[in-house]
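Novice: As you go down the protein sequences, you meet chains A, B, C and D in turn. Whatever position you read off the first sequence (first residue = 1), add 16 for this note's numbering. Whatever position you read off the second sequence (first residue = 1), add 184 for this note's numbering. Whatever position you read off the third sequence (first residue = 1), add 13 for this note's numbering. Whatever position you read off the fourth sequence (first residue = 1), add 6 for this note's numbering. For every residue, glycine included, the Cβ atom is placed at its ideal position computed from N, Cα and C. Below is a structure I'd like to ask you about.
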Amino acid sequence: MTAHEQHYHDPANVTNPEHSEHHIVSPVQYSMVFGALLLGTLLTVLAADVDLGAMNPVIALGIASTKAVIVILFFMHVKYQSHLIKMTVACGFFTFLVLITLTLSDYVSRAWGLW
Amino acid sequence: MDNSIVTTEPLMPRETAVHEEHEHVFIPQHRHHFETEEQQREAGSFGMWLFLLTEIMFFGGLFFAYLLYRNWYYDAFVPASNFLSVTLGGTNTAILITSGFFMALAVWAAEVRKKQFLVIALILTTLFGLAFISIKYVEWHDEWVHRHVPGASFDISEFVSPKAHGITDQKPISPDMAEHCQIFFFLYFAMTGMHALHMIIGIGLLVWLILRAQRGDFSAGYVAPIENFGLYWHFVDIVWLFLFPLLYLINRHPLK
Amino acid sequence: MSATSTTILNLPDQTTAAIPKKNYISSEHGLLSWLLTGDHKRIAMLYLISITFFFFIGGAFAGLIRLELLTPQPDLVASDTYNKFFTMHGIIMVFLFLVPSVPATLGNFLIPIMLGARDLAFPKINLLSWYLYLAGGTLTLAALVLGGVDTGWTFTTPLSTHYLNTHVVTTASAIFVAGFSSIFTGLNFIVTIHRMRCPGMTWFRMPLFVWSHYAASILMVLGTPVLAISLTLVGLERLVGIGVFDPTKGGDPLLFQHLFWFYSHPAVYIMILPGMGVISEVVSTFSRKRVFGYTAVAFSSVAIALFGFFVWEHHMFIMGVSNYSALVFSLLSMLVAVPSAIKIFNWSFTLQKGSITFETPMLYAFGFMGLFTIGGLTGIFLAALGMDIQLTETYFIVAHFHFVMVGGMLMAFLSGVHFWWPKMTGRMYPESLSKLAAVVTFIGFILTFMPQFIVGYLGMPRRYHAYPPEYQVLNVLSTAGATVLGVGYMLPILYLAWSLKYGAIAGNNPWQATGLEWQIQSPPLTENFTEIPVMDHEAYDYEWLEHKTQNEVTTVG
Amino acid sequence: MGISEVLWQYLVKWLTNSALFPREASTIAPYMDALYFFLIGVTVVGLVLVLLLIGGFSFRYRKAVHPVAEQIEGSTLLEAIWTIIPLGIFLVTFVWGALLYFRIYTPPVNSMNIYIVGKQWMWKAEHPGGQHEINELHVPIGQPIQLTMISQDVFHSYSLPEFRVKREVIPGRYTTVWFQATTPGTYHLFCTQYCGTDHSKMVGEITAMLPEDYKKWTELSTSGMSLAQNGERIFASMGCNACHTGNASNRAPSLAGLYGSKVQMANGSIQLADAAYIRDVILNPSQHVPAGYAPIMPTYKGQISEDGLIALVEYLKQLNTNYRIQQTQTTSVSDQAAPTTPGMVKP
Ligand code: HEA
Ligand code: HEA
Ligand code: CUA
Ligand SMILES: [Cu+2]
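If you want it as structure tokens, here you go:
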């Protein structure tokens, strides 16, 4: 780095606190993730064949979410990313949750008082 | 058109910074309005993440519609979902995961500057992507044959009298409920269609990336396009990871 | 205006003054150099021209609406035509004018400069978003020319999906495309604000203009895609006919309302927040004082953005939603109003112990504060459940949202355009004429929309082509006001165009303002700064400005 | 000075003809107006406050008299004040508004029910006695009236500004609103939800009359058959009585006394059998299967108009015994099969 940059753009300076070191995920790690994802897929299919009543969708979604989290953390490197990126991801899911819960608040309570 | 504003500006009698200005430019892809390459790279991936946020909300609307109607018309969603082939859907899930795996490897290859590996990984990503689309096509075709494509030609007879159609493992449902199978299939087509559209766009971009990788664009430390495309591709995978259980596995256990 | 002592105008010696030879306008020539530019300032000017164009189209429709409503009888046009009028008026004004108004023009022009950056993070995407805007605008005009559309800007299902045979799909795709334009603008702003700040520019040294754009951008990025999907579903429903929104097929039309308003309520804050940013800058500059309670104002922007996502159902109170969730949404709507109140009072107290002058931007800013207070407080009427029963879908709502959108945002936009005109063009606008325009708009505005509150409470429904004769008096007042308003809006266009050639040379900092944008030449260089500045003081630091001696950040030419 | 003739006319009109507030013609109106005046008060106070601050400071600290600004950071106390006071006012408004809302949307039990069907672009009112009105509504004063409303096509909205009530009329679902008229007279009826081409012509009049006048009116405008009688006719002609014979051993539940009762459903939930429930069962029977019955009832979607459904609902509301059903049984021509009658039954 040139002196010029050190002066103006030390990545750790106040300007850019969201900076994080670049991390390279190794192929071994990727392979483990890959295996976990295939396993997860197998699990969902198997779990769907067992009658667990209301737990069926919960388990299916649970597995899907776990897989998604793994993909996000490792394939998409979020585990090694700055706070900012983590916050951004969280923000997206938060807004999606707002959409779902607040809309459901209407649908769920529409029948209140009717029984 | 390159937006290197400073360079397109021919007269540069700036006393101060002309020299230093160009010292920190390591790579030809560096844009001049960024102070450092670092800054550019982080801006790029942050921008990509923000774009993925919009994608979350875009699919979010569909997911909510699914959630609502699944609760309202559960009895129609079950037989409709059971009509889909778990084998094909499951295979496709595995294929997509594999494609994503190769994409991850491609990012790695670019980062450690292995050109040949990068190209191969990208080609494999593309091939698995194409395999996914092909299987999806087979499934859609199947639904077309069975007249389960929503619209004027939608036919409920397989749900109302499965026996007559040689389907033995399904309970018949009443015609008024069967009408709501159409909502399932609409959501199915809308969601998988929107997903496939993203895949097709992705495959187009992949071809372009392969050509550039072959040219050696990404083997000298400039990995942002590969990295950012990887984010997109993995996001599309994630959508499918949810679509598969939601659409294919609503109630697969044998009838009581 | 009489004495020079009552203004802070600090123009260079007009006998020797000249526009700097090298600036972003003169750097390249030819139409292509504009159409293919990556320069945020040029893109801002492209936007300015295109949104002005659409404003006048939308305004022309407003004129036609008011003309029809001059008499109670449906005499000017057929009812279908009238329905197309207000639909096109609403769609053009909202999606093609107000949403991009301040962000895409002033925001685009100023945010990089205020942050000490050379450009937005993604110049090509910035240009792309202008082309998307243009594509959306063209599609809208196509729908208009082909015969128009009469859904209302809210696209209520199942009316829009099954009962109309106008160009709904064309218009929906127009809005879809324009929506992506606004997504990309927002995305660009967020990345720029996070990543492109110059050394020393901490979050709490950013001008409030940037803060409010940051908040608005979050809304654009997270809200707009939901609009996109709901319009896609409307289009599919029309084309393929498979009832997600069709009650006869088991679909729920209210689902569309939920999805639509999930975007469109935050959208109203997309429309007001950037305007609030303008007001912060203007009020501070012309009272020569830092904004009272900077942090509170900054956080209230973010709070508005956050809470803005929690209140959409207040547009559906009587539509058959659950009474209990209506309660929740009403309460949340009350909460979202509080940060706006905070801002109004903080601006008022910014004036305290200032040294106030009354240039045109300041007059518009005062207009904003008064009219937005009325508009916002009438929003409280609507957010109060029981009151909304009487007021909803009447002219009271029409008055409410014109007070916030026209009295609020449009005033802020005009304030901003006047304020930064010298920076953007290097020339001053004519002061007394523009003051006249500000006053005319204000009077015209009050005359147009005040009577609508009354006629609304009397019960006159909105989107009515004919109405009972006893409402005529108030409608005549309103139409008269609209005429005055039209004149008020024609004036700036004329004198601003005039000033491009004949206006006085402005110099770097005619207002003696503190923002970074005022420390560079007007109009700025293509790269804004020859050397990236270092921010070593707070925003609105007038003492710093005074003591700033020869070490100017950058001045060339 | 030459005030033009036209302008003069308007001025006169303004003085004589024009009101600032609509008449109060229902019991709820004064409550609504009280909240309205409260909110106007808040707005005026808030506006005056803001204007005083702006005006006062502008005058006191204009450059001519106050050439040098004093920099002030802010003041936590002041900011807390103008956060908490508006918040308090807004919360009061919320509670007040909520009380009013629940009042307007919770009909009293003793109210008289009138059905409203909205369609592009007219309002049809159906009185229990079988009187039909188009774009008009006659109601007695001094009695709570409940409107049970449904739309045949798109969203409409039934608005009675002088009564201060309004409710969206939705396709596929009943909505209700109630009021009690206080003053005889003729008032506006508007459709306030944009519903297509002739939205602005979907207007009418509501006439509030003294109870005796209302009685006279009902007698004069009766069509001979009450809503319930009409429903009975449909019940027979659609073949409902083929299954719902009222015999306990039968394959379909007895409908006598169903209305207002709580039904134990096959999926374990308990449902209140109100108008919406009955309508929905007829259209989507397989979604509402009472415990102990097989879902064999056919759907009548597309075969019975909204008016027909209203008649059926009204009929079932009043059905206390199965005596008459069993009577019609013997005369009915329909066999055990589900009806095949295509098209709508127009009552
Ligand atoms: C720029 C646009 C904008 C803004 C900023 C707002 C701001 C607000 N709006 Fe508005 N609104 C619209 C644009 C906007 N609105 C539009 C376009 C529609 C109609 C859409 C359609 O149907 O076509 C609409 C409709 C609308 C409705 C739906 C009505 C209906 O359909 O029945 C409601 C209901 O709650 C509402 C409420 C509010 C509230 C509570 C605010 C609040 O954010 C306001 C907050 C501000 C203040 C409260 C003022 C400042 C306060 C003070 C200065 C304090 C005063 C002092 C004391 C109290 C002592 N609006
Ligand atoms: C940014 C938003 C915005 C702006 C700026 C305006 C500006 C104006 N609006 Fe608009 N309005 C809306 C947003 C806006 N409106 C929306 C969202 C709706 C709801 C639509 C719906 O129901 O779906 C609406 C609806 C609406 C109605 C209700 C229609 C109805 O319900 O039946 C009315 C009626 O008075 C009205 C009037 C006006 C007027 C007089 C202006 C004035 O401020 C305009 C003044 C400007 C001019 C008068 C232009 C001046 C120029 C010329 C006149 C020259 C023309 C020249 C040529 C054509 C060459 N508007
Ligand atoms: Cu019916 Cu408007
Ligand atoms: Cu809103």
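Closer than 8 Å between beta carbons: that is the criterion. Which residues of the stretch 332-364 of chain B meet it against chain A?
Specialist: Listed by position along the chain: nothing, the set is empty.
Novice: Between M38 of chain D and chain C, is the shortest Cβ-Cβ distance under 8 Å, so that the two count as touching?
Specialist: So yes, M38 of chain D belongs to the interface.
Novice: Out of C:M347, C:A318, C:V430, C:F362, which has the shortest C-alpha to C-alpha gap to G389 of chain C?
Specialist: Nearest C-alpha to G389 of chain C: C:M347.
Novice: May I ask you to list, following chain order, the residues of the stretch 96-116 of chain A that have a beta carbon less than 8 Å from some beta carbon of chain C?
Specialist: Cβ contacts with chain C come from L100, C107, G108, T111, V114, L115.
Novice: Considering only DSSP beta bridges, list what K302 of chain C is partnered with.
Specialist: In DSSP, K302 of chain C forms no bridge with anything.
Novice: Is N54 of chain A close to chain B, meaning its C-beta is less than 8 Å from at least one C-beta of that chain?
Specialist: According to the sequence provided, residue 54 of chain A is Leu. The question's Asn does not apply to it. Yes, contact with chain B.
Novice: Let me see if you follow: with CB-CB separation under 8 Å, is V90 of chain C close to chain A or not?
Specialist: Output row for V90 of chain C: interface = no.
Novice: Rounded to whole angstroms, what is the Cα-Cα separation between D401 of chain B and A290 of chain B?
Specialist: About 14 Å.
Novice: Report whether the distance from the Cβ of M106 of chain C to the nearest heavy atom of ligand 2 is below 7 Å.
Specialist: Yes, the Cβ of M106 of chain C comes within 7 Å of a heavy atom of ligand 2.
Novice: Using a C-beta cutoff of 8 Å, does P279 of chain C count as contacting chain D?
Specialist: P279 of chain C does not count as touching chain D.
Novice: When burial is assigned at 16 or more other CB atoms within 10 Å of the CB, is V329 of chain B buried or exposed?
Specialist: Its Cβ having fewer than 16 others within 10 Å, V329 of chain B is exposed.
Novice: Would you please verify whether the beta carbon of S275 of chain D is less than 8 Å from any beta carbon of chain C?
Specialist: Chain C contact via Cβ: absent.
Novice: Examine the Cβ distances between the stretch 242-252 of chain B and the stretch 265-272 of chain C and report whether three or more of them are shorter than 8 Å.
Specialist: Yes, since at least three Cβ pairs between the stretch 242-252 of chain B and the stretch 265-272 of chain C fall closer than 8 Å, the two stretches touch.
Novice: By DSSP's criteria, R173 of chain D is part of a beta bridge. Which residues make up the other side?
Specialist: Looking at the DSSP assignment, R173 of chain D forms a beta bridge with D:Y164.
Novice: Using the rule of at least 16 other Cβ atoms within 10 Å of the residue's Cβ for burial, across every protein chain shown, is H206 of chain B buried or exposed?
Specialist: In this prediction, H206 of chain B scores a pLDDT of 38, lower than 50, which makes its location untrustworthy; the coordinate-derived value is nonetheless stated afterwards. Its Cβ having fewer than 16 others within 10 Å, H206 of chain B is exposed.
Novice: If we define contact as Cβ-Cβ less than 8 Å, is F368 of chain B a contact residue for chain A?
Specialist: It does not: the Cβ of F368 of chain B has no partner Cβ on chain A nearer than 8 Å.
Novice: At a Cβ cut of 7 Å, what residues of the stretch 416-432 of chain B count as close to chain A, listed as they run along the chain?
Specialist: The residues in question are H418, D421, I422, L425, F426, P429.
Novice: Give me the Cα-Cα distance between F432 of chain C and E76 of chain D, rounded to the nearest whole angstrom.
Specialist: Distance between the alpha carbons of F432 of chain C and E76 of chain D: 23 Å.
Novice: State yes or no: is the beta carbon of S121 of chain A nearer than 8 Å to at least one beta carbon in chain C?
Specialist: Yes, its Cβ sits closer than 8 Å to a Cβ of chain C.
Novice: Going by beta carbon distance, what residues of the same chain come within less than 6 Å of G248 of chain C, once the five residues before and after it are set aside?
Specialist: V182, A185, listed in sequence order.
Novice: Tell me the rounded alpha-carbon separation between L48 of chain C and T539 of chain C.
Specialist: The alpha-carbon atoms of L48 of chain C and T539 of chain C are separated by roughly 15 Å.
Novice: Against chain C, does E295 of chain B count as a neighbour if the rule is that its beta carbon must be under 8 Å from one of theirs?
Specialist: Chain C, which has no Cβ nearer than 8 Å to the Cβ of E295 of chain B, makes this no.
Novice: If the cut is a Cβ gap below 8 Å, which residues of chain A does V204 of chain C touch?
Specialist: The premise fails here: V204 of chain C is roughly 10 Å from chain A at the closest Cβ pair, so nothing lies under 8 Å.
Novice: Check the Cβ-Cβ distances between R396 of chain B and every residue of chain A, and say whether any is below 8 Å.
Specialist: Taking Cβ atoms only, chain A never reaches closer than 8 Å to R396 of chain B, which makes this a no.
Novice: Can you say whether N236 of chain D is buried or exposed, counting buried as having 16 or more other CB atoms within 10 angstroms of its CB?
Specialist: N236 of chain D is buried by the Cβ-count criterion.
Novice: Can you tell me where the beta strand (DSSP E) holding W129 of chain D begins and where it ends?
Specialist: Per DSSP, W129 of chain D belongs to the beta strand (DSSP E) from 128-132.
Novice: Report yes or no: do the stretch 311-328 of chain B and the stretch 281-290 of chain B share at least 3 C-beta pairs separated by less than 8 Å?
Specialist: Yes, they touch.
Novice: Could you tell me which residues DSSP pairs with V183 of chain D in its beta bridges?
Specialist: Answer by DSSP bridge pairing, in chain order: D:L153.
Novice: Under the rule that 16 or more other beta-carbon atoms within 10 Å means buried, what is A552 of chain C, buried or exposed?
Specialist: Buried: at least 16 other Cβ atoms inside 10 Å.
Novice: Find the residues of chain G that neighbour V270 of chain B, judging by a C-beta separation of less than 7 Å, and give them in chain order.
Specialist: Included in the structure are the protein chains A, B, C and D, with no chain G among them.
Novice: With DSSP as the reference, label I78 of chain C as helix, strand or coil.
Specialist: In this structure, I78 of chain C counts as helix in the three-state DSSP scheme.
Novice: By Cβ distance below 7 Å, which residues in the same chain neighbour P523 of chain C in space, the five residues on each side in sequence not counted?
Specialist: Closer than 7 Å at Cβ, skipping near neighbours: L22, N23, L24, P435, M441.
Novice: Between which two residues does the beta strand (DSSP E) harbouring G210 of chain D extend?
Specialist: From DSSP, the beta strand (DSSP E) with G210 of chain D extends over 210-215.
Novice: Name the chain D residues whose beta carbon is nearer than 8 Å to that of K561 of chain C?
Specialist: What K561 of chain C touches in chain D: nothing, since even the nearest Cβ is about 16 Å away.
Novice: Which residues does DSSP list as the beta-bridge partners of C197 of chain D?
Specialist: The partner list for C197 of chain D (beta bridge, DSSP) reads D:Y164.
Novice: Would you call F210 of chain B buried or exposed, if buried means 16 or more other Cβ atoms sit within 10 Å of its Cβ?
Specialist: Bear in mind that the predicted position of F210 of chain B carries a pLDDT of just 46, short of 50, making it unreliable; the figure below should be weighed with that in mind. So F210 of chain B ends up on the exposed side.
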